[in-house]
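Asks: Handing you this structure, nothing more for now.
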Amino acid sequence: MAVTTPMNSQADLIESLTAELLSWQKNPPPREQMRTQLSSLIQSNRTQHHRPENRYVTVMMADIRGFNDLTASYPPETVVALLNQCFTVAADIIVRHEGVVDKFVGDGIVAIFGLDPALGGGADQGIAAAVALQQSMPAINRYSQQLGTPPVHIGIGLNTGEVIAADIGSSVHREYTVIGEQVNLTARIAAHSLRGQILLSQATWQQAQNFIEAGPPNTVHLNGRREPLTIYELKETRKPTHRQVPRIEERKGPRVHVKIPLAFQRIEGAAVLPEYHQGEIIELGYHGMKVRIPLYLEPNSDIRFPLSMAQADASSTEIYARVLRTKMASSDYTSSLEFTSIAPGGQAALRAFIDHLVA
């Protein structure tokens, strides 16, 4: 993943470009020569070599939940306008909190805090930026309303640890970046975050526990990792000022009582397990559901299931959902789940189905 040019390199580039432009004030060269010389300066800065070194940093990854359905339902111009607005706001927040934008990946953004050793790992700055980013979502959604799209929400993961910072690439294209297990771990943590959530690794929580409020520790089992991972949901921070993570109402929109047969598959890591389990959907909403099932589903685990919107309709919508909580009933379990991904067009069909039942 590519970190933008370090601050000292950016300053050097600006200084070089300024000097070049000033030298042309009296006798400007032909336009094509100007373009060539400026391109050469920029390329020279991009390919500047930095000595590989270990850095103790905080990595932040954030992405938009349910964005695939937007891309399938709205014109490209609308989708790109909304995405660029999200990225513009996010990048400004990251820079204001002494972070560095790493890259934009599809509907996500990656940032690094603490590349400057004086910041002591960057957990303070990363947490403050993450909260500010969640607090910015109402403004972004006012813009989405102008575009005629539904509200968007983001999930964020933060992890602190040692990475390798170095130039990666070839003579054609090189990027200053951070790599290592801690970077990969951040991506796994972010993948577990629901809309509106900020999840912290154990390492980030330890760095920040004296100035944050977080939920109880949750353990998640990751494919390919021997030990379970402990994560915390951030509630608020007191650095640099007191800020709370806005709460996303789980029951936003109507919920209807239903009795819909459920056949689902469990997900481990990136793999969908072949075995189907049977159960029943007893409550259904725009963003989630409550189910009755014969087995225990661990919080933060994921399932996949097809949902038919009408008994007479053979077609169905494929939905992915994450377990929020599971309770023991008399002879079975009830689990509350939030939808994390719905096949293109499925969200509109689900809303219409629920609205019909409410009416």
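1 is the number of the first residue of the sequence shown in full-length UniProt numbering; add one for each residue after it. By construction, the Cβ of each residue, glycine as well, lies at the ideal position given by its N, Cα and C atoms. Just so it is clear, the structure is predicted and the values come from calculations on it, not from any experiment.
Go ahead and pull the three-state DSSP assignment for A329.
Replies: A329: coil per DSSP, three-state reduction.
Asks: When you compare the region 173-183 with the region 219-237, are there three or more beta-carbon pairs, one atom per stretch, that lie closer than 8 Å?
Replies: Short answer: they don't touch.
Asks: Is it right to say N300 is buried, meaning 16 or more other beta carbons lie within 10 angstroms of its own, or is it exposed?
Replies: By the neighbour-count rule (16 or more Cβ atoms within 10 Å), N300 is buried.
Asks: Can you tell me whether L70 is helix, strand or coil according to DSSP?
Replies: Note: L70 maps to helix in three-state DSSP.
Asks: Check whether the Cβ atoms of F113 and V57 lie closer than 8 Å to each other.
Replies: Cβ atoms of F113 and V57: closer than 8 Å.
Asks: List, from N- to C-terminal side, the beta strand (DSSP E) runs of 3 residues or more that fit wholly inside the region 276-313.
Replies: Whole beta strand (DSSP E) segments, 3+ residues: 288-293 and 302-307.
Asks: To which residues does DSSP link M60 through a beta bridge?
Replies: According to DSSP, which records beta bridges pairwise, M60 is partnered with A111 and L158.
Asks: For V258, I'd like the list of residues in its chain whose CB is within less than 8 Å of its CB, leaving aside the five on either flank, ordered along the chain.
Replies: Around V258: I281, I282, E283, L284 and L357.
Asks: Contact check, L158 vs I93 under 8 Å by CB: the rounded distance?
Replies: In fact, because the Cβ distance is near 14 Å, the residues do not count as touching under 8 Å.
Asks: Look up R55 in the DSSP assignment and give the residues it is bridged to.
Replies: In the DSSP output, where bridge partners are listed per residue, R55 has V163.
Asks: Per DSSP, which residues does E227 bridge with? Please list them.
Replies: Its beta-bridge partners do not exist; DSSP assigns none.
Asks: Leaving out five residues before and five after A208 in sequence, what residues of the same chain have Cβ atoms less than 6 Å from its Cβ?
Replies: Excluding residues within five positions, the ones whose Cβ falls inside 6 Å are A123 and I127.
Asks: How long is the line joining the alpha carbons of V272 and N84, rounded to whole angstroms?
Replies: Going from the Cα of V272 to the Cα of N84 covers about 33 Å.
Asks: In terms of residue numbering, what span does the beta strand (DSSP E) encompassing G99 cover?
Replies: From DSSP, the beta strand (DSSP E) with G99 extends over G99 to V105.
Asks: Can you check which of these residues, E213, V323, Y143 and P306, is closest to V220 by C-alpha distance?
Replies: Out of E213, V323, Y143 and P306, V323 has the C-alpha closest to the C-alpha of V220.
Asks: Note down the Cα distance separating N54 from G161, rounded to an integer number of angstroms.
Replies: The straight-line gap from Cα to Cα measures roughly 10 Å.
Asks: Going by beta-carbon coordinates alone, are R292 and T326 separated by less than 8 Å?
Replies: Their beta carbons are not under 8 Å apart, which means R292 does not touch T326 by this criterion.
Asks: Identify, in the order they occur along the chain, each residue of the same chain with its Cβ nearer than 8 Å to the Cβ of Y276, setting aside the five sequence neighbours on each side.
Replies: Answer for Y276: A263, F264 and Q265, listed in chain order.
Asks: Is it right to say G269 is buried, meaning 16 or more other beta carbons lie within 10 angstroms of its own, or is it exposed?
Replies: So G269 ends up on the exposed side.
Asks: Within its chain, find whatever has a CB closer than 6 Å to the CB of T78; leave out the 5 residues flanking it on each side and keep chain order.
Replies: Hits under 6 Å: L147.
Asks: Which first and last residues belong to the alpha helix (DSSP H) in which R96 is found?
Replies: That run of the alpha helix (DSSP H) goes P76 to R96.
Asks: Does V152 come out as helix, strand or coil in the three-state DSSP assignment?
Replies: Three-state result, V152: coil.
Asks: Looking only at its chain, what residues have a beta carbon closer than 8 Å to the beta carbon of residue 431, apart from the 5 residues adjacent to it on each side?
Replies: Summary: the structure shown does not reach residue 431, with the chain confined to residues 1 through 359, and so no result is reported for it.
Asks: Where does the unbroken alpha helix (DSSP H) through L200 begin, and where does it stop?
Replies: Per DSSP, L200 belongs to no alpha helix (DSSP H); it is in the beta strand (DSSP E), I198 to S201.
Asks: If you draw a straight line from the alpha carbon of P216 to that of M61, how long is it in whole angstroms?
Replies: The straight-line gap from Cα to Cα measures roughly 21 Å.
Asks: Considering only residues of the same chain and omitting the five flanking positions on each side of N218, which have a CB-CB separation below 8 Å?
Replies: Cβ neighbours of N218 beyond the five flanking positions: T230, I231, Y232, E233, P299 and N300.
Asks: I think V152 touches I64, with their Cβ atoms under 8 Å apart; what is that distance to the nearest whole Å?
Replies: Contact flag correct, Cβ pair sits at about 5 Å.
Asks: Should H192 be labelled buried (16 or more other beta-carbon atoms within 10 Å of its own) or exposed?
Replies: Buried, because 16 or more other Cβ atoms sit within 10 Å of the Cβ of H192.
Asks: CB-CB under 8 Å to V131, same chain, minus the five flanking residues each way: which ones, in chain order?
Replies: Within the same chain, V131 has close Cβ partners I198, L234, E236, T237, R243, Q244 and V245.
Asks: Give the range of the alpha helix (DSSP H) segment to which Q125 is assigned.
Replies: Counting along the chain, the alpha helix (DSSP H) containing Q125 begins and ends at A123 to Q135.
Asks: Is R195 helix, strand or coil when you go by DSSP?
Replies: Note: R195 maps to coil in three-state DSSP.
Asks: For H257, which beta-bridge partners are listed by DSSP?
Replies: According to DSSP, H257 bridges with E283.
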